[in-house]
Amino acid sequence: MNLNGLNSAQRDAVLSIDGPILVVAGAGSGKTRVLTHRIAHLIEAYDIFPSSIMAITFTNKAATEMKNRIEQLVGPVTHQMWVGTFHSMCVRILRRDGHHIGYASDFVIYDTTDQKALLKNCFKALGLDEKKTPIQSFQYKISGCKNDMMSADAYETNFHKDPRERDFIKLYKLYQEKLKSNQALDFDDLLIKTIELFKAYPEVLAYYQNKFRYVHVDEYQDTNKAQYTLIRQLSAKHKNLFVVGDGDQSIYKWRGADIRNIQDFEKDYQGAKIIKLEQNYRSSQNILDLANSVIKHNPGRRDKTLWTEADAGEKIRYYQAYDEKDEARFIVNQIRKEVREGNFDQSDFAILYRTNAQSRALEDALNIEGLPYKVVGGLKFYERKEIKDVLAYFKLMVNPFDDVSFRRVINEPKRSIGDKTIEKLQDYATEHGLSLLRACANIDAVQGITGKTALAIRDFYNIVNGLAVRLDAATSGEIFDALIEQSEIIASYERERTDEADGRIDNIYELKTVIEEFEKRQDSPGLRDFLAETTLRSDQDSIEEAEQSILLMTLHASKGLEFPVVFLVGLEQNLFPSFRAMDDETELEEERRLCYVGITRAESLLFITHAKNRNHYGRFEPRMPSVFLSEMNQSLLETMGEKSLGNTLKESPSGTKPLKHNPYFNPVQSSYAAPEKSSSSDAFAPGDKVMHKVFGSGMIIAIDTSSKVLTIVFDAHGIKKLDPSIAPIKKL
DNA sequence: ACAGTCAATATTTTT
DNA sequence: TATTGACTGT
Ligand SMILES: Nc1ncnc2c1ncn2[C@@H]1O[C@H](COP(=O)(O)OP(=O)(O)OP(=O)(O)O)[C@@H](O)[C@H]1O
Numbered sequence: 001m002n003l004n005g006l007n008s009a010q011r012d013a014v015l016s017i018d019g020p021i022l023v024v025a026g027a028g029s030g031k032t033r034v035l036t037h038r039i040a041h042l043i044e045a046y047d048i049f050p051s052s053i054m055a056i057t058f059t060n061k062a063a064t065e066m067k068n069r070i071e072q073l074v075g076p077v078t079h080q081m082w083v084g085t086f087h088s089m090c091v092r093i094l095r096r097d098g099h100h101i102g103y104a105s106d107f108v109i110y111d112t113t114d115q116k117a118l119l120k121n122c123f124k125a126l127g128l129d130e131k132k133t134p135i136q137s138f139q140y141k142i143s144g145c146k147n148d149m150m151s152a153d154a155y156e157t158n159f160h161k162d163p164r165e166r167d168f169i170k171l172y173k174l175y176q177e178k179l180k181s182n183q184a185l186d187f188d189d190l191l192i193k194t195i196e197l198f199k200a201y202p203e204v205l206a207y208y209q210n211k212f213r214y215v216h217v218d219e220y221q222d223t224n225k226a227q228y229t230l231i232r233q234l235s236a237k238h239k240n241l242f243v244v245g246d247g248d249q250s251i252y253k254w255r256g257a258d259i260r261n262i263q264d265f266e267k268d269y270q271g272a273k274i275i276k277l278e279q280n281y282r283s284s285q286n287i288l289d290l291a292n293s294v295i296k297h298n299p300g301r302r303d304k305t306l307w308t309e310a311d312a313g314e315k316i317r318y319y320q321a322y323d324e325k326d327e328a329r330f331i332v333n334q335i336r337k338e339v340r341e342g343n344f345d346q347s348d349f350a351i352l353y354r355t356n357a358q359s360r361a362l363e364d365a366l367n368i369e370g371l372p373y374k375v376v377g378g379l380k381f382y383e384r385k386e387i388k389d390v391l392a393y394f395k396l397m398v399n400p401f402d403d404v405s406f407r408r409v410i411n412e413p414k415r416s417i418g419d420k421t422i423e424k425l426q427d428y429a430t431e432h433g434l435s436l437l438r439a440c441a442n443i444d445a446v447q448g449i450t451g452k453t454a455l456a457i458r459d460f461y462n463i464v465n466g467l468a469v470r471l472d473a474a475t476s477g478e479i480f481d482a483l484i485e486q487s488e489i490i491a492s493y494e495r496e497r498t499d500e501a502d503g504r505i506d507n508i509y510e511l512k513t514v515i516e517e518f519e520k521r522q523d524s525p526g527l528r529d530f531l532a533e534t535t536l537r538s539d540q541d542s543i544e545e546a547e548q549s550i551l552l553m554t555l556h557a558s559k560g561l562e563f564p565v566v567f568l569v570g571l572e573q574n575l576f577p578s579f580r581a582m583d584d585e586t587e588l589e590e591e592r593r594l595c596y597v598g599i600t601r602a603e604s605l606l607f608i609t610h611a612k613n614r615n616h617y618g619r620f621e622p623r624m625p626s627v628f629l630s631e632m633n634q635s636l637l638e639t640m641g642e643k644s645l646g647n648t649l650k651e652s653p654s655g656t657k658p659l660k661h662n663p664y665f666n667p668v669q670s671s672y673a674a675p676e677k678s679s680s681s682d683a684f685a686p687g688d689k690v691m692h693k694v695f696g697s698g699m700i701i702a703i704d705t706s707s708k709v710l711t712i713v714f715d716a717h718g719i720k721k722l723d724p725s726i727a728p729i730k731k732l
């Protein structure tokens, strides 16, 4: 294999074969490329069977891409290889071996919506009050427990003395019981149950340990405790573990990711080889410098070198918009300008934001100009109501124990079956140890359900059961058609005669196409696998390679991707960083890493924008510029829009200073909420509006505690750092 | 049982 | 803003 496409550090990594190996390096240094080459090299130079290689990626899209790249290097070898996300690997393992721990191979996966529905049933069964304790808080808590590998029993052992935990313990336990009896697993359970399986059945673990001589993990910095454990289990025998990552890009702490996994790799794995990559192949020097000027404000990180052969490149273009509409309009204009001048293609642009809600204004502006765009993420196709309904029918056919799906569709479309009827059915089912669907078979024996209602239930049962029987013989398309016809799902939407209903009908037909394509694509077609795949789809998976559109996505969704031109938008306090992170240092650090990730997605051109006002819940609110702006090296920024004076500013203060010395972060001192409060005193505070003799009006966004230098965003002259004892500034 | 209306109420990020 | 829950009348 040709290793010429690699620099010497990369080659060193690729040529490292045995033992634990960690590649740590900054963004765009070719970590993923190294991983890919290493696998190709194992096969070509060492004749390792593809079937003994496992590679874990962060998204399914990354998995597909990796397979393609490997095949480009060494031919069609990936068929027997296990390349996928943690979740899809676990599904595969549990389908095969889950029966040991009581899961048949037809188990279903619950997404967050299903999870919530199940929790709601548990709430009712336990008589808990949704108003006192929102379901969602328990949902997060259960997920948090699982990420930290705290089972319901373990939680009880630890906290049973605390009366405040009693409800939660009961709920957690019941929830797990119901998952089991429904033959369902939630996202976190896929990992947890696999670990449990391996613990309880060493011979099963041994099978996988022997099979996978070489284990690889991309984006290792965002693994959680469960994932860490799984990897440890799998690699324990051969100890050939190859992981790559970048601590500065860890952005999923809120989902249980533990940055220590990558930090402690050397300690955890005896004799680990650590390889650092320092050359960046993605971005211009200016972009790298800007990224570095931000991330260096995170304390306690090891400084990484990152250099590029590329030129300094264009300056970072900074624009302060009046509101989110103006921000969107600016972006659209810039895109049109760059395309018109022939600098870039429409597909070269990505707009990255902190929250999904921000896509709205951007979409409006793009629509006005008729520019093609694609929103990645947000409400997913498979999360739409009508799609989930159809899928719930399928789940129920595949797995008759799935009470959550049953409840979802028993009255969808309307069959005059309400809460009361379901309650009676549930009572009967519980009493006889049956699932709801099975209980329907004995509907005559159920107390209190008669006449029309009993008939409707029988009809429903016959539809689902009749189709379930045909599952093996018929194609998915045939099942689909039969379901649509018998259940009258589409017919009932047609009767509504609204645009919304028409849209839903289109989506359902679209789903049919997707299912049929899936069936063609797979060697072992099956609705079961289709259902799992749709549930485990990641946002990025919907990005097509040949996409001719401007891409819009959250910063999280942009992880691992790269674009010639990036717009990083909405750099405002309480938005980015998010308001929930404002009073917590570690959360703020994670936001800063997110900012670092966003900046480093850009190859040659980077725009940074924020708005002075923004509609939020329909309220027009004044916004304050993000603290991250004040952390950026101002000399790299070029202010767009109004005429700009030469930039004669000092370097940004170094990041070695702890954050708490920045008064902005002390909510007590922050006058953002009440800017007038401090107006009587002479002291400047963040949020104060000021007037400068030359630069005009602006707002203070940060104050350096030791030097008293102010960072001010001027309305017409960009961001400046000025010493108030020298500069002609007065408060307004 | 259900459709319609009104009010409250929430928004980070996602496999 | 847009969704969701509670309530009301049929
Ligand atoms: N030796 C090399 N020669 C030419 N191009 C390279 C080389 N190494 C990496 N690249 C290119 O640099 C870009 C970034 O590589 P890659 O995505 O593997 O980096 P990464 O470290 O995984 O980035 P991130 O941490 O941001 O996910 C890719 O376009 C890749 O093709």
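Taking this note's numbering, the leading residue of the first sequence gets 1, the next gets one more, and so forth. Ideal placement from N, C-alpha and C gives every residue a C-beta, glycine not left out.
Taking the CB atoms as reference points, tell me whether residue i and residue j lie closer together than 8 Å.
i      : j      : result
Pro50  : Leu241 : no
Leu531 : Val108 : yes
Ile101 : Glu177 : no
Ile729 : His692 : yes
Glu591 : Phe576 : yes
Phe406 : Leu437 : yes
Tyr155 : Tyr172 : yes
Ser283 : Ala312 : no
Asp186 : Tyr252 : no
Rounding to the nearest angstrom, what Cα-Cα distance links residue i and residue j in this structure?
i      : j      : result
Glu496 : Lys720 : 58 Å
Ile135 : Val404 : 16 Å
Ser773 : Lys325 : In the structure as shown, the chain begins at 1 and stops at 732. Residue 773 is therefore absent and cannot be evaluated.
Cys707 : Leu126 : It is Ser, not Cys, that sits at residue 707 in the sequence shown. If you take the alpha carbons of Ser707 and Leu126, they lie about 59 Å apart.
Asp472 : Phe518 : 16 Å
Met582 : Ile262 : 26 Å
Val23  : Ile70  : 19 Å
Glu412 : Cys440 : 16 Å
Thr113 : Glu423 : 21 Å
Ile457 : Ile443 : 8 Å
Would you please state the rounded distance, in angstroms, between the beta carbons of residue i and residue j? I believe it to be under 8 Å.
i      : j      : result
Leu552 : Ile335 : 12 Å between Cβ atoms; not a contact.
Lys534 : Leu396 : Correcting the residue type first, residue 534 is Thr in the shown sequence and not Lys. Rounded, the Cβ-Cβ distance is 15 Å, inconsistent with contact.
Gly245 : Tyr228 : About 12 Å separates the two Cβ atoms, so there is no contact after all.
Who are the Cβ neighbours of residue i in its own chain at under 7 Å, not counting the five residues just before and after it?
i      : result
Ala62  : Asp218, Gly560
Arg384 : Asn507
Leu746 : Since the first and last residues shown for the chain are 1 and 732, residue 746 lies out of range.
Asn399 : Asp106, Phe107, Val108, Gln183
Met632 : Leu290, Ser293, Val294, Ser652
For residue i, which residues from the same chain have a beta carbon less than 6 Å from its beta carbon, with the 5 sequence-adjacent residues on both sides left out?
i      : result
Gly256 : Asn147, Asn224
His238 : Arg213
Phe198 : Leu205, Gln233
Lys660 : Its pLDDT being 33, under 50, Lys660 is placed unreliably by the model, and the measurement read from it follows with that caveat. Same-chain partners within the cutoff: there are none.
Ser88  : Leu536
Return helix, strand or coil for residue i, following the three-state DSSP convention.
i      : result
Thr78  : helix
Glu132 : The sequence shown places Lys at residue 132, rather than the Glu named in the question. Lys132: coil per DSSP, three-state reduction.
Met582 : coil
Asn2   : coil
Arg415 : coil
Ile599 : helix
Asp459 : helix
Ala611 : strand
Gln279 : strand
Taking 8 Å as the limit between beta carbons, can you name the residues of its chain near residue i, skipping five residues before and five after?
i      : result
Gly271 : Gly19, Pro20
Ile192 : Lys146, Met149, Ser151, Ala226
Ala611 : Gln320, Ala321, Tyr322, Asp323, Glu324, Asp326, Glu327, Gly570, Glu572, Arg623
His41  : Met1, Leu3, Val14, Leu15
Ala557 : Val376, Gly377, Asp539, Gln540
Asp12  : Ile275
Ser654 : For Ser654, the predicted structure reports a pLDDT of 33, less than 50, and the residue's modelled location is therefore unreliable. A value from the coordinates is still provided. Excluding positions up to five away in sequence, the list reads Lys296.
Leu35  : Val23, Ala55, Met66, His216, Asp218, Phe242, Val244
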